[in-house]
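Chains as they are written, first to last, in the numbering used here: chain A, 1 to 261; chain B, 262 to 523. Don't be surprised by glycine CBs; every beta carbon is placed ideally from N, CA and C. Note that the structure is a prediction, hence the values are computed from the model and not measured. Step one of this worksheet: look at the structure below.
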Amino acid sequence: MRDILPEVDRMAKELGGTVSVAVRDIKNAFDFNYHENERVWSASTIKIPVLVEAVKRLGEGAVSLDTEFMLDDSDRTPGSGVLRFMHGGMPLTYQDLMVLMILTSDNLATNMLIEFLGPDKITATMRGFGYAGTEVQRKLFDYDGMAKGLDNWIAAADIADLCKRIYLKQAAGGELDELALDILGKQLDKERLRVLLPEEAQVANKPGERDITMHDGGLIWTNDFCYSICVTTHGWQSRSDAYMTIAGISKIVYDAVSGGK
Amino acid sequence: MNDLRDGIERLAQSCGGTVSVSVRDISKAFDFSFNADAPIVAASTIKVPIMIETLKQARDGRISLSTEYVLRKTGRVAGSGVISQLSDGLLLTIRDLLTLMIIVSDNTATNMLIDIVGMSSVNATMQAMGYKGLTLRRKMYDWDAVAQGVDNRVVAAEMADLLARMARGVLLGSEEDALALQIMRGQLYNHILGLFLPEGVLANKTGQVGTALNDCGIVATDQFSYAVAIFTQDTDCLGETQIAVSRMSKLICDAAACKNCG
């Protein structure tokens, strides 16, 4: 395997701000770390930990896939997603909320889940996996929480490891992780990690973006190899440069794993 | 403007295949055409004409946007969207379906709307508006039709013209056109025309199927606004075409900004 550190370092420095990369080998790949424990605003990438806690609760029998939740007409959390545009009173199942949270990065669905699951419990599950950098302190677009200094955090190493756990069924276990992987695989926004990879690359991921922060984390596999990857960026000047940096680093890793270029 | 043409040509050549670009001035921008009359496989950009027909029928009192439909196991189609992954029995209004068809390019919502408004009505409306090149011939994920050579087509010049009229409020009338624009502003796919643009300036509809990669929309800043359609097919590499289209969009926006900085 060739040394990708110089190329990653060059791209990270060109972007500016803080760039972190963690790659975890699952099959015929390799581990790679670049400032991997740097704690950054999670943006929507926090939805992977929320998803893991959500499927874990299913296993505990506290809730079922068809448990009904009602779309509250008074709550129109802004930002990504579709529910804020849907008619008030729309009944949704627990599974619908998980699906919308991941596929469309739906903030309203996510807040309904965080409310149900409890931020502390999500954080506790992450601590249980040994993730010091990942924390859920508030709902999304919770301006009161923000004013109190509450925020949500991830580290690239935590997310890459969590994705590996999901793939290996060591997060919530068995069918629960299969469900989580299935939902992540149906992601509609596969852009950053995916855009420069060849057709045969399969991707299950969750990007995140807020102000001067952009991330993407997930799993990448073909018939021959499999790995998890998380690239976080923070403090850059140009959104499009951040996008191209994540895409470029993903391609460097993919080419090194696949033996291409 | 020559610089813009050179830049677009250079990027189009780097893509290979067919690249079609049309810009229509709405306010303080410009008109621009590059191979703008080429018929291109529509992919999901055909959802713009379907939206227009749905809003037209609502305007004319033939349907109501608040009518509810029940999501069933049948009629679900894969590909883009979220409804196919949601629970059986979900209640969706026509407005919900419209929104999902546009902002997440939902194929199931699209097919439900085609059943509601009628394929021939969409085509008749486009013809009457003067858009003979915007044609709906098959439902989403109807690969049998595609195999028989039946497909939906769009023409960049016509789509940009439609969008410009919509933005001016003279396509269906100010109320319906404003709603169409509002729905398009909620778009989640802002990575093609929108990738290199400032945040919040774009209302658009993307499309991608096979080797076709398309995006069309309205760019509106404090200084200027224009409609733009960039359609491509048979290019060498989808990922690189996507980024090339993003760069074309940026060149157009920069040219409009340059025109206004005097």
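Taking 8 Å as the CB-CB limit, is residue 539(B) close to chain A?
The first residue shown for chain B is 262 and the last is 523, placing residue 539(B) beyond what the model contains.
Looking at the secondary structure, which residues open and close the alpha helix (DSSP H) in which residue 167(A) lies?
That run of the alpha helix (DSSP H) goes 156-167.
So, residue 360(B) versus residue 401(B), is the Cβ gap smaller than 8 Å?
Against a cut-off of 8 Å, the Cβ pair of residue 401(B) and residue 360(B) comes out as no contact.
Going straight from the alpha carbon of residue 254(A) to that of residue 496(B), what length do you get?
So the alpha carbons of these two residues sit roughly 23 Å apart.
From the DSSP output, which residues share a beta bridge with residue 487(B)?
Paired residue(s): 286(B), 480(B).
Give, in chain order, every unbroken run of the beta strand (DSSP E) that is at least 3 residues long and sits entirely within the stretch 39-117 of chain A.
Segments of the beta strand (DSSP E) lying fully in the stretch 39-117 of chain A: 39-41, 68-70, 91-93.
Cβ closer than 7 Å: which chain B residues qualify as neighbours of residue 250(A)?
Correct list: empty, because the minimum Cβ distance to chain B is about 11 Å.
Please look up how many angstroms separate the CB atoms of residue 381(B) and residue 355(B), rounded, as I've assumed it's under 8 Å.
Contact doesn't hold; Cβ gap of about 19 Å is too wide.
My understanding is that residue 97(A) touches residue 75(A), with C-beta atoms under 8 Å, so please give their C-beta distance in whole angstroms.
With 8 Å as the limit, residue 97(A) and residue 75(A) do not qualify as a contact, their Cβ atoms being about 13 Å apart.
Tell me where the alpha helix (DSSP H) around residue 365(B) begins and ends.
No alpha helix (DSSP H) holds residue 365(B); DSSP gives it neither H nor E.
Output needed in chain order: residues of the stretch 166-197 of chain A with a Cβ under 9 Å from some Cβ in chain B.
Flagged, chain order: 183, 186, 188, 189, 191, 192, 194, 195, 196, 197.
How do the stretch 390-400 of chain B and the stretch 461-473 of chain B stand: do at least 3 beta-carbon pairs fall below 8 Å, yes or no?
The answer is no - the stretch 461-473 of chain B does not touch the stretch 390-400 of chain B, with fewer than three Cβ pairs under 8 Å.
Would you say the stretch 302-321 of chain B touches the stretch 406-417 of chain B, given that touching needs at least three Cβ pairs under 8 Å?
Touching, per the Cβ criterion.
Could you give the distance in angstroms between the alpha-carbon of residue 313(B) and the alpha-carbon of residue 104(A)?
One C-alpha to the other measures close to 24 Å.
For residue 226(A), which of helix, strand or coil comes out of DSSP?
Strand, per DSSP.
For residue 49(A) and chain B, any beta-carbon pair shorter than 8 Å?
With 8 Å as the cut-off, residue 49(A) does not count as an interface residue toward chain B.
Under 8 Å, Cβ to Cβ, is there at least one residue of chain A near residue 553(B)?
Residue 553(B) lies beyond the range of chain B shown here (262 to 523); nothing can be said about it.
Compare the C-beta of residue 482(B) with all C-beta atoms of chain A and state if any pair is closer than 8 Å.
Judged by the 8 Å Cβ criterion, residue 482(B) is not in contact with chain A.
Establish whether the CB of residue 45(A) and some CB of chain B are separated by less than 8 Å.
No, no contact with chain B.
How is residue 219(A) classed by DSSP in three states: helix, strand or coil?
Note: residue 219(A) maps to strand in three-state DSSP.
Do residue 18(A) and residue 234(A) have their beta-carbon atoms positioned less than 8 Å apart in this structure?
Cβ distance < 8 Å, so residue 234(A) and residue 18(A) count as in contact.
Name the chain B residues whose beta carbon is nearer than 7 Å to that of residue 207(A)?
Simply none; closest approach about 10 Å.
For residue 456(B) and chain A, any beta-carbon pair shorter than 8 Å?
Yes, its Cβ sits closer than 8 Å to a Cβ of chain A.
Below 8 Å, can you find three or more Cβ-Cβ pairs linking the stretch 82-92 of chain A to the stretch 145-161 of chain A?
They do not touch, by the three-pair rule.
Let me know the beta strand (DSSP E) ranges lying completely inside the stretch 329-412 of chain B, each 3 residues or longer, listed in chain order.
329-331, 352-354, all fully within the stretch 329-412 of chain B.
Answer with buried or exposed for residue 519(B), where buried requires no fewer than 16 other C-beta atoms within 10 angstroms of its C-beta.
Burial call: exposed.
Alpha carbon to alpha carbon, how far is residue 11(A) from residue 248(A)?
If I take the Cα positions, the gap works out to 8 Å.
Give the secondary structure of residue 468(B) by DSSP, where H, G and I count as helix, E and B as strand, and everything else as coil.
Residue state, collapsed to three classes: strand.
Listed in chain order, which residues of the stretch 74-88 of chain A have Cβ atoms closer than 9 Å to some Cβ of chain B?
Cβ contacts with chain B come from 80, 81, 82, 84, 85, 86, 87.
Under three-state DSSP, which class holds residue 301(B)?
In this structure, residue 301(B) counts as strand in the three-state DSSP scheme.
Once DSSP output is grouped into helix, strand and coil, what is the label at residue 431(B)?
Here residue 431(B) sits in coil by DSSP.
Give me the chain B residues within the contact set of residue 240(A), using Cβ-Cβ distance strictly less than 7 Å, ordered along the chain.
Chain B residues near residue 240(A): 456, 457.
Residue 301(B) and residue 425(B) look like a contact to me (Cβ under 8 Å); what is the Cβ gap, rounded to whole Å?
At roughly 19 Å, the Cβ-Cβ gap does not stay under 8 Å, so residue 301(B) and residue 425(B) are not in contact.
Nearest CA to the CA of residue 214(A): which residue from 223(A), 225(A), 231(A), 220(A)?
Ranking the options by Cα distance to residue 214(A), first place goes to 231(A).
Step through the CB atoms of chain B and report whether any lies within less than 8 Å of the CB of residue 100(A).
Answer yes: the Cβ-Cβ gap between residue 100(A) and chain B drops below 8 Å somewhere.
Could you work out which residues of chain B lie near residue 95(A), taking near to mean beta carbons separated by less than 7 Å?
348, listed in chain order.
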